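Student: Residue numbers (full-length UniProt numbering): 30 to 480.
Where is the CB? At the ideal position from N, CA and C, for every residue including glycine.
On a predicted model such as this, the values are computed, not experimentally measured, just so you know.
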Ligand code: GLN
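#1: How about residue 215 and residue 205: are their beta carbons less than 9 angstroms apart?
#2: For residue 124, which three-state DSSP category applies?
#3: For residue 304, which residues from the same chain have a beta carbon less than 7 angstroms from its beta carbon, with the 5 sequence-adjacent residues on both sides left out?
#4: Does at least one heavy atom of the ligand GLN sit under 8 angstroms from the Cβ of residue 197?
#5: Can you tell me where the alpha helix (DSSP H) holding residue 424 begins and where it ends?
#6: Could you spell out the range, first to last residue, of the beta strand (DSSP E) harbouring residue 175?
#7: By the 10 Å Cβ neighbour count, where 16 or more other Cβ atoms means buried, how is residue 37 classified, buried or exposed?
#8: Are the CB atoms of residue 219 and residue 180 within a distance shorter than 9 angstroms?
#9: Would a C-beta distance cut-off of 9 angstroms place residue 149 and residue 42 closer than the cut-off?
#10: Between the alpha carbons of residue 448 and residue 76, how many angstroms are there, rounded?
#11: Closest Cβ-Cβ distance between residue 348 and chain B: below 9 angstroms?
#12: Can you pull the DSSP bridge partners for residue 214?
#13: The beta strand (DSSP E) with residue 93 in it runs from where to where?
#14: Around the Cβ of residue 83, are there at least 16 other Cβ atoms within 10 angstroms (buried) or fewer (exposed)?
#15: Provide the residue span of the beta strand (DSSP E) that contains residue 194, from first to last.
#16: Threshold first: 3 residues or longer. Then list the beta strand (DSSP E) segments lying entirely within the region 370 to 436, N to C.
#17: Verify whether the separation of the beta carbon atoms of residue 433 and residue 465 is less than 9 angstroms.
#18: Tell me, to the nearest whole angstrom, how far the beta carbon of residue 190 is from that of residue 145; I am working on the premise that it is less than 8 angstroms.
#19: Using a threshold of 9 angstroms, state whether the C-beta atoms of residue 125 and residue 94 are closer than that.
#20: For a test of the three-state rule: what should DSSP assign to residue 282, helix, strand or coil?
#21: Suppose only complete runs of 3+ residues qualify. What are the beta strand (DSSP E) ranges in the region 221 to 290, listed by chain order?
#22: For residue 137, which residues does DSSP report across the bridge?
#23: Cβ of residue 276 within 8 angstroms of any heavy atom in the ligand GLN?
#24: Alpha carbons only, please: which of 475, 362, 385 is nearest the one belonging to residue 462?
#25: Hey, residue 153 and residue 79: beta-carbon distance below 9 angstroms or not?
Next up, the structure:
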């Protein structure tokens, strides 16, 4: 049914970069056979899933949305992909994204844009616009995204889906093509909070192949999502994330959801996180710095594209320059240049060093806020889905869309976005819930009651 749906709508939506119908059907048939034999099956066995194309899949192309990895076929599976396969989940294909997950609109993909199923003239968010659009368009019931600064939560917000960024270290990063290693986390995209909880239980848990993987057992996320009320829970409204920088329609929807939380028995308290005002600036130094280092391996020697200069001597450096010049798009080049600059001798302390100090201040703000509240809430994004081209020539305007999602990545805390109704423009609005590190269950408890 999902493959049929993809054939019907993906020409217009373009959520997928690669479809593997045969393999997906083979998995589905195996699950059917196992069920017929009376074998015990995993909870999500047979439920199809789409995977963001920055996560490696053995034998299936993985491009990271970049020309530099065109036609590259990974020789191994990411740990989370292994876990999907072990659970008997058919992998439908790989979803579109901004190149190397840099962006908030999926317009930076080297393979064309993904369209928002709510309005095909609008962006589906980014970088994981493909995963969110696939779920919103009923092409896939579940998807996997990655979130370095909001790329699961913001696309979920603007497509009316649910997206979860787990605690840093909660889901293995083994097999994720790294953007910024200290910020990256993979997580679920779905149409309901319970679905995300069930998927999180499949992909979560310790992995010895990821040195930053937490040793914790997988939480009881689905049980938390099935809770009935929020009695005794203190919900912190972050003052710095409820300003007139957010569209009126977004704020109205947000405050409507707060009323629902009150009705469910939660106590709303106001908290202040003053350093959040510097989160965006710190993130856009730390991310490019780490990305410039992580992307150094794409040099024309090891993976994917190799371009040899047509004139002059054939030196390694000239092959690297020609390959990177042709293989990377503008946004990737912009960030590599910014990152190498911020890390260079003489500037390191002023830029990267200062940004790391801001990161510590943000962690302290979270610690103080979580002493007053069990979870924090805000709108997920300041606007609903914008039109193609609206922010493409203005990187600052694009970056500002991440204002509410970035603090969680800088502190490693988990976050969930769920729909809180429609704005006055008829487009979906996202409601964000944040919890302390390792307390991801709280996200599902609040989300489960709200939806
Ligand atoms: N929009 C953010 C950025 O461009 C988020 C990226 C992400 O989470 N992968 O960096």
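Tutor: Looking at the atomic coordinates:
#1: Cβ atoms of residue 215 and residue 205: closer than 9 angstroms.
#2: Per DSSP, reduced to three states, the secondary structure at residue 124 is strand.
#3: Closer than 7 angstroms at the Cβ level, and outside the excluded window around residue 304, lie 387, 390, 391, 394.
#4: It does not: the Cβ of residue 197 is nowhere closer than 8 angstroms to a heavy atom of the ligand GLN.
#5: 424 to 429 is the extent of the alpha helix (DSSP H) around residue 424.
#6: 171 to 176 is the extent of the beta strand (DSSP E) around residue 175.
#7: By the beta-carbon neighbour count (other beta carbons within 10 angstroms, threshold 16), residue 37 is exposed.
#8: No, the Cβ-Cβ distance between residue 180 and residue 219 is not below 9 angstroms.
#9: The Cβ atoms of residue 149 and residue 42 lie closer than 9 angstroms to each other.
#10: Distance between residue 448 and residue 76, taken at the CA atoms: about 23 angstroms.
#11: No chain B is part of this structure, which consists of one protein chain only.
#12: DSSP lists 176 as partners of residue 214.
#13: For residue 93, no beta strand (DSSP E) run applies, since DSSP gives it neither H nor E.
#14: Answer is buried; the Cβ neighbour count reaches 16.
#15: Start and end: 191 to 194.
#16: Entirely contained in the region 370 to 436, the beta strand (DSSP E) runs reaching 3 residues are, in chain order, 404 to 408.
#17: In this structure, residue 465 does not lie closer than 9 angstroms to residue 433 by Cβ.
#18: Between residue 190 and residue 145, the beta carbon gap of about 11 angstroms keeps them out of contact (Cβ cut-off 8 angstroms).
#19: With contacts defined as CB atoms closer than 9 angstroms, residue 125 and residue 94 qualify as a contacting pair.
#20: DSSP places residue 282 in helix when its eight states are reduced to three.
#21: List check, beta strand (DSSP E) in window: 263 to 267.
#22: Listed as beta-bridge partners of residue 137 by DSSP are no residues whatsoever.
#23: Answer for residue 276: no, Cβ out of range of the ligand GLN.
#24: The closest CA to that of residue 462, considering only 475, 362, 385, is found on 475.
#25: Residue 153 is not a Cβ neighbour of residue 79, given a cutoff of 9 angstroms.
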